[in-house]
Amino acid sequence: MTATVEPEVGKSRRRKEDARLITGRTRWTDNIALPGMLHMAILRSPAAHARIAAIDTSAAKGMSGVLAVVTGADLAEEQGSLPCAWAITPDMKNPPHPALAVDTVHYAGEAVAVVVARSSAEAQDALEAIDVDYDDLPVVLDMEAAIADDAPLVHESLGTNKNALWVFDSAEAGTGGSVDEAIAAGEVVIERKYRQQRLIPAFMEPRSVLCDPTGEQFTLWSATQIPHILRLMLALTLGVPEHKIRVIAPDVGGGFGGKLQVTPEELLVFLLARRLGKPVKYTETRSEAMATAHHGRDQIQRLTLSARRDGTITGLKVDLLADMGAYLSLVTPGIPILGAFMYNAIYKIPAYRFSCTNVFTNKVMTDAYRGAGRPEATFAIERLMDELAAELELDPMEVRERNWIRHEEFPFTTVCGLTYDSGNYEAATDKAKELFDYDGLRREQLERRERGDAVQLGVGISTFTEMCGLAPSRVLGSLSYGAGGWEHAAIRMLPSGKVEVVTGSSPHGQGHETAWSQIVADQLGVPFEDVEVLHGDTQSSHKGMDTYGSRSLTVGAIAVVKAADKVIAKARRIAAHMLECGEDDLDFAGGRFTVRGTDKGAGIGDIALAVFAAHDLPDGVEPSLDSEATFDPENFSFPHGTHLCATEVDTETGRVTIRKYVCVDDVGKVVNPLIVEGQVHGGLAQGIAQALFEEAVHDENGTLTTGTFADYLLPSAADLPSFVTDRTETPSTTNPLGVKGVGEAGTIASTPAVVNAIVDAVRHLGVDDIEMPCTPFRVWSAIHGRTADTSGGQAGGGLGSIQGGLQ
Amino acid sequence: MIPSAFDYARPSTVEEAVQALVDAGEDAKVLAGGQSLLPVLRMRLAAPTVVVDIGRVPELRGITEDADNVVIGAMTTHYDVARDHLVQDHASLIARATETVADPQIRHRGTFGGSLAHADPAGDLLAPALALGAVMVVAGPNGRREVPASEFFVDYFTTTLAADELLVAVKVPKHTGWLSHYEKFNRVAQAWSIVAVGVSLRVSGGQIADARVGLTNMASVPVRAVGVEQALIGQPAGADVLRAAAEHAAEGTSPGSDGNGDAAYRSQLAKVLTGRALSMAVGG
Ligand SMILES: Cc1cc2nc3c(=O)[nH]c(=O)nc-3n(C[C@H](O)[C@H](O)[C@H](O)COP(=O)(O)OP(=O)(O)OC[C@H]3O[C@@H](n4cnc5c(N)ncnc54)[C@H](O)[C@@H]3O)c2cc1C
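Heads up: the protein sequence lines correspond to chains E and U, in order.
In this note's numbering, each residue's number is its place in the first sequence (first place is 1) plus 54.
In this note's numbering, each residue's number is its place in the second sequence (first place is 1) plus 133.
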């Protein structure tokens, strides 16, 4: 009766957490209410750069329900400075970053005062009674202007708007040749400048934080991706002993990097709860989320590529300007550096130099946003491959093939010194081309050109890879990052045979509860339903590095596997005792130890019960199967894939319609195909949105004009094509599951595929670039040799016009 | 996102509603579907002292007809307008335009009268109402008056409605059997129009007997493309005529500039979209 148990890993299970999450009947932070809870509201600066001449809070203090009105001056002694954990260079400039501005505001939306009241309506009303006098200071918005000699300064005290200069040079590092020599000798040299527009992470659940100061520990609930890091940072920033703080990330509704942050609001709620001795909650409005939660991207890329006439690349030089915004947040300065090792992508580039100047401006901080650094790099190189192909009149796929690492060359050490463990670019590309009908679409493209059709067709390619699974702690150390990259897990075997898995990963929509259950079900041979996954509470999950950088499966789940190994090792010893045999005589499969060559056996549940009773354990064995493990990866994870996009470009209106999108991703072994599919679809939507829709726009005063979803355009299903997705499976060789990260792949790959397709459609009309997002206005202007003046400030959406019209 | 405090009135007749507005003075706001008003209140861009909710006034809801007109109650939702047979049969341009408004949730709450009273030049129902010669029925302290659409819209978000007046209904002259199409250009499916064009044509024996063309978001108010209409009337409904007529679309307009396009681009869109709307109307 040994039923062959079908492995859980590989099953397209529906996510067990979803019913709860999508109905909202769950523990979102804002759903939590405590007895006596107070509400906080924040007065934010309308000015992007101004000195605070005076703040009058007297009227607000007298209003109904108001318990406290606090300004930066009131908190100056206790609020510390918000942390930046990544000093990318020893001489990096890091201005003080108060949670509440003390004497100067540096971006529009910066917090200048808070009100705590009995209801959030009363708190909101009292904000309007606070009177602030601002003396305007010059506003610095444009990076190129900010680094000019006579530019006004964002932070007078720094004496410069430059945060840091970070350089990698393959000749200096000994990992490759000199790029200047390569360019000097290049038969073809291509120079381009691309802009990565500012993006807003736009997670679904606005941020919310609640602090209860009434217990022995402060308990802080926060809609965060990083409860563990947050606890440490609260302790370090505020000088509160770490063991007196408990942080809980209950259910969290999306993050995309936007909740990989230690926020002013978290500090303020903590400080006000402590001051008042009562629970205090703050939930941001969507407008606050848009304007003040950190933004992403915002770089200017200057690129020089040298090649031989046969298309072989000889060198690549990257010069970046990266907009930090007004302050450094948790990993702000390091985001462009995460891309530094990815510009060479899947190609054998012999000489490479990367330099990045980080720049302060009077805008909200940038920081992690899905892909963080790698989308920018992938965009640049994949756009350049198309430009090189055009210059040489070669097929863009052929140019890629000429340069990419062939499958038999793995493991391959790149010009950046990274070792790609595995990959098969040929296989993914072959499959994608077939699904796409590459040759057929090229034929149609030609026909439309010859006909002079008003609607032109373009084909865009992105053969991407990325580095994720952050990260080997030693590598992080070499980059001066402030922490390691390990992850922790624990498994608790309950007496009834059920299993609790504790993970240091902190899901916020990814489906860890399902995937971890599948993995543990296979490892321990227990039913999927018997596994509960606990996360996001520093009391139950005491150690962790949380979730970002596509690290949960490749690092966090490996810790789970290692913990399961330890459970089995402990159980084996007890099973041998129970079954009166040697440990070596036991086989473990399907949740049972059997004595080889007999029908004697014991299930893992029987052993858990025996351990609970502890009546008859071998000498010296502790009565517990519970185990924990901490896993530090040896290497990054390198998912890759080939994405092909066909766009129709209406030359009369500039409208871009995606006709077909095919992607074949290689994310190694797949635990749950449905979850992978979901990650790919969502990633594609976000990457395509960068290409076509999203852009944070500021007017000349530094006010965000795309502050609502009427102006900051997110696509819905109606705006996206039906994706054709498929996979090849080249297992990673650096972890026991053979898995690679998938959380960011779609976002990283898709943006250049779309822009390449658009440019390809209209290249014969004299266009070789269109700035993102490729709006109809910009596309039409490019085709007709005009510059699209989008600097007018007004975003053009409906609620934007409401603001203009009804003020 | 909490509005400032306000008093709330919920009248059950038009007369009570007008009285509530009179009592409140300048600081009252009518609440219809709330799809435009609530964001404004929540962002505290407006802080009325009284909100007069007309959601429970039966007279304001529903669609009827008289000999010459389809009469659309101000509180009739977009959803109800778009699927109504009288509207489809006698004012199909309005049905076509209403289908393009926002998304299903908003179409179930937003109202025909609210859209016209709100007078957002990017709103999709203004130009069709203008093109079809709609007449607004307005109730005030001194009784009712009728205002043609051509006089109703004054400027961005501004109509001739006084603070104590209520839009009760809209009379749309019957355009029975006219061919129509609304061609909307926006960047994502649920966004407002960058430019849109509504056309309604009476075609008889292959000849265009009459034509109405309205432009959305080509000025601070909806615009009738008279030049296009004149180029069509009396001509055969052939591709060349339609194309040539569309060239007149931007005449007399004064489109604004913003991130979605400058005036030149909007003018180009008006021509292209007019051409497409005309051929869709004739073809469909
Ligand atoms: C996300 C989103 C997308 C949208 N997209 C579009 C779109 O694509 N196209 C489009 O046309 N519209 C769009 N709208 C607007 C929508 O059509 C609204 O329904 C409409 O603008 C207002 O109608 P309402 O019934 O909601 O009015 P309300 O919001 O209740 O009122 C709007 C204004 O009109 C006044 N008012 C309302 N009714 C009367 C009356 N009977 N008499 C006097 N004054 C009155 C109110 O006082 C207020 O000032 C969108 C709205 C949203 C939120």
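Beta carbons: idealized from backbone N, C-alpha and C, even for Gly.
All values reported here derive from a predicted model rather than from experimental measurement.
Taking 8 angstroms as the threshold (C-beta atoms), are residue j and residue i in contact?
i        : j        : result
HIS562/E : GLY792/E : no
VAL453/E : MET439/E : yes
PRO306/U : GLY266/U : yes
LEU321/E : ALA139/E : no
VAL63/E  : ILE573/E : yes
LEU607/E : VAL725/E : yes
ILE812/E : VAL730/E : no
GLY408/U : ALA379/U : yes
ALA322/U : ALA256/E : no
SER527/E : ASP686/E : yes
HIS282/E : MET599/E : yes
ILE237/E : PHE272/E : no
VAL151/U : PRO261/U : no
SER326/U : ASP257/U : yes
For the alpha helix (DSSP H) that residue i lies in, which residues bound it at each end?
i        : result
LYS313/E : Looking at the DSSP string, LYS313/E is not in any alpha helix (DSSP H), and its letter there is neither H nor E.
GLU583/E : No alpha helix (DSSP H) contains GLU583/E, which DSSP labels as neither H nor E.
ALA372/U : 372-379
Does any residue of chain E bring its CB to less than 8 angstroms from the CB of residue i?
i        : result
VAL405/U : yes
ASP395/U : yes
ALA324/U : yes
PHE318/U : yes
GLY392/U : yes
ALA227/U : One point to set straight first is that residue 227/U is Ile, not Ala, in the sequence displayed. It does not; no Cβ of chain E falls within 8 angstroms.
LEU402/U : yes
MET269/U : no
VAL287/U : no
ALA239/U : Looking at the sequence itself, residue 239/U is Ile, so the reference to Ala does not match. It does not; no Cβ of chain E falls within 8 angstroms.
VAL321/U : yes
ILE187/U : no
GLY416/U : no
ASP257/U : no
TYR141/U : no
Just to check my reading of the structure: residue i and residue j have Cβ atoms closer than 8 angstroms, yes? What is that Cβ distance to the nearest angstrom?
i        : j        : result
VAL243/E : THR358/E : 7 angstroms
VAL621/E : SER681/E : 5 angstroms
ALA376/E : PRO390/E : 4 angstroms
ALA799/E : VAL734/E : 7 angstroms
PHE831/E : TYR398/U : 5 angstroms
ALA815/E : CYS699/E : Between CYS699/E and ALA815/E the Cβ distance is about 11 angstroms, and since that is not below 8 angstroms, they are no contact.
ASP576/E : GLY551/E : ASP576/E to GLY551/E, Cβ: 16 angstroms. No contact.
ASP305/E : LEU75/E  : 6 angstroms
LEU404/U : ALA372/U : The amino acid at residue 404/U is misidentified as Leu; the sequence shows Lys. LYS404/U to ALA372/U, Cβ: 15 angstroms. No contact.
Within the 8 angstroms Cβ cut-off, does residue i reach chain U?
i        : result
SER174/E : yes
PRO775/E : no
GLU541/E : no
LEU253/E : no
LEU767/E : yes
TRP862/E : With chain E running from 55 to 861 in the structure shown, residue 862/E is simply not present.
PRO581/E : no
ASP843/E : yes
GLU702/E : no
GLN861/E : Interpretation of GLN861/E is limited by its pLDDT of 31, a score under 50 that renders its predicted location unreliable; the figure taken from the coordinates is listed afterwards. Cβ-Cβ to chain U under 8 angstroms: yes for GLN861/E.
GLN857/E : Caution applies to GLN857/E, whose pLDDT of 45 falls short of 50 and renders its modelled position unreliable; the model cannot decide the point.
THR805/E : no
At what residues does the beta strand (DSSP E) containing residue i begin and finish?
i        : result
SER409/E : 406-414
ASN398/E : Careful: ASN398/E lies outside any beta strand (DSSP E) and carries neither H nor E.
ASP185/E : 185-190
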